[in-house]
Amino acid sequence: MTLVHVESEFYDIAGFLKGNSTLHDFEPDELGSVEGCSLLHLQCHFGLDTLSWARRGARVTGVDFSPNSIAAAKSLAERAGIEASFVEGNVYNAREMFPTPFDVVYTGIGALNWLPDIPEWARVVSSLIKPGGRFYLLEIHPILSMLDDEDIVFNPAWPYFHNPSGIEFEDDGDYADPSAKLTKRKMFEWSHHLGEVVSSLLDQGLELKFLHEHDVLAYKPWPFLEQTAPGTTRFKVPEGKPQIPLEYSLLATKPGGG
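At position 85 of the sequence shown the residue is numbered 85 (full-length UniProt numbering), and the sequence of numbers has no breaks.
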């Protein structure tokens, strides 16, 4: 999928190389300054968000299990002239990969649905943060995982609460380029409700600073969603219609530090 994503208009590498950021407008305000901070991006894909944080002054490291994604991330960093480190590896093994913890750990949108075990993920996240450090998460709101992409009325297709076995499906397309025809493949995703995510982080001793729900989304699963502004890849329910949560973000800190 990485090869499709790199070439897609959805990810707009040309715009990024001209200086565009792939972060949501609210992310820098919510996380706060990262100037001079060591920042680890878990499940970084091919590094657009990682490098966007580097442009804001962070010393960034990205980790992803896909060798194609890591190769594309390194190439993109070189083309953009941005210093960054990208490492291939499984998020569940990240603590062994990085013995020195980070000032900031970041996870961007579209990551948690690929993970079967959130309590273990939270343990890894906590172990990677320095005392006094921060964790920031932006994710698709779990209510969306219940709905069928082909159905524009509220007709749940999947359960809201976590199923350890995951949701199995076959797919030959891709969200970044719907016209791309890929080899049909069996896939698994896991839905993680807000209570599971937040409680798992709290169980690891992190302190929740906020949990925000947002009415914007970074992709367009339904045709009735409208762009928030011309030329953007942010979408929302049209004005005048009841708004629903489409994404959520949270900030947590690790006690201690100077």
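Backbone N, C-alpha and C define an ideal beta-carbon position, used for all residues, glycine too. What you are looking at is a predicted structure, and each value in this text was computed from that prediction instead of being measured.
Kindly confirm or deny that the region 90 to 102 and the region 69 to 78 touch, where touching means at least three C-beta pairs closer than 8 Å. no
Does DSSP put K18 in a helix, a strand or coil? Your numbering for residue 18 matches position 18 in the sequence shown. Looking at K18 - three-state DSSP - the assignment turns out to be coil, as it is neither helix nor strand.
Paired residues, beta bridge with Y136 - DSSP: For the purposes of this step, residue 136 is taken as the residue at position 136 of the sequence shown. DSSP output for Y136 lists Y106, L251 as bridge partner(s).
Mapping the DSSP letters down to three states, classify K130 as helix, strand or coil. On the sequence shown, position 130 is the one that residue 130 refers to. If DSSP states are grouped into helix, strand and coil, K130 belongs with the strands.
Smallest Cα separation from P221: which of S145, G19, A229? In the sequence shown, counting from the first residue as 1, residue 221 sits at position 221. Nearest of S145, G19, A229 to P221, Cα basis: S145.
Environment of S165 [buried if 16+ CB atoms lie within 10 Å]: Stepping through the sequence shown from its first residue, residue 165 is reached at position 165. Exposed is the call here.
Separation of T232 from E189, as counted between CA atoms: Locating residue 189 in the sequence shown gives position 189, where the first residue counts as 1. Locating residue 232 in the sequence shown gives position 232, where the first residue counts as 1. Roughly 27 Å between the two C-alpha positions.
Output yes or no for whether 7 Å exceeds the beta carbon distance between G62 and H41. For this step, residue 62 is matched to residue 62 along the sequence shown. For this step, residue 41 is matched to residue 41 along the sequence shown. Yes, Cβ-Cβ distance for G62 and H41 is below 7 Å.
Let me confirm a value: F102 is counted as buried when at least 16 other C-beta atoms fall within 10 Å, else exposed. Which label applies? Here residue 102 refers to the residue found at position 102 of the sequence shown. Buried, because 16 or more other Cβ atoms sit within 10 Å of the Cβ of F102.
Nearest to S52 by CA position, among I140, E120, F16, is which residue? Position 52 of the sequence shown, counted from the first residue, corresponds to residue 52. Answer by Cα proximity: F16.
Would you mind stating whether A111 and Q204 have Cβ atoms separated by less than 7 Å? To locate residue 111, count along the sequence shown from 1; it is residue 111. To locate residue 204, count along the sequence shown from 1; it is residue 204. It is not a contact, given that the beta carbons lie outside the stated cut-off.
Mapping the DSSP letters down to three states, classify A176 as helix, strand or coil. For the purposes of this step, residue 176 is taken as residue 176 along the sequence shown, with counting starting at 1. The pLDDT assigned to A176 is 48, lower than 50, so where the model puts this residue is not dependable, and the model offers no usable value.
Between F210 and the rest of its own chain, which residues show a CB-CB distance below 7 Å, the 5 nearest in sequence each way excluded? Stepping through the sequence shown from its first residue, residue 210 is reached at position 210. If we look at F210 and ignore the five residues flanking it on each side, its Cβ neighbours are L250, L251.
Could you check if H212 is buried or exposed, using at least 16 other CB atoms within 10 Å of its CB as the buried criterion? Here residue 212 refers to the residue found at position 212 when the sequence shown is read from its first residue. Exposed, by the Cβ-count rule.
Classification of F235 by the beta-carbon crowding that lies within 10 angstroms, buried from 16 upward: Taking the first residue of the sequence shown as position 1, residue 235 is located at position 235. Burial of F235 is indicated by the presence of at least 16 other C-beta atoms within 10 angstroms of its C-beta.
In whole angstroms, what is the alpha-carbon distance linking A14 and E207? Position 14 of the sequence shown, counted from the start, is the residue given in the question as residue 14. Position 207 of the sequence shown, counted from the start, is the residue given in the question as residue 207. Approximately 39 Å between the Cα atoms of the pair.
Runs of 3 residues minimum, wholly inside the region 41 to 92: which ones carry the beta strand (DSSP E) assignment? 59 to 64, 85 to 88
Looking only at its chain, what residues have a beta carbon closer than 6 Å to the beta carbon of H141, apart from the 5 residues adjacent to it on each side? As a position in the sequence shown, residue 141 is number 141, starting the count at 1. Excluding positions up to five away in sequence, the list reads P245, L246, E247, Y248.
Taking its Cβ as the centre, do 16 or more other Cβ atoms sit within 10 Å of E239, making it buried, or is it exposed? By 1-based counting over the sequence shown, the position of residue 239 is 239. Its Cβ having fewer than 16 others within 10 Å, E239 is exposed.
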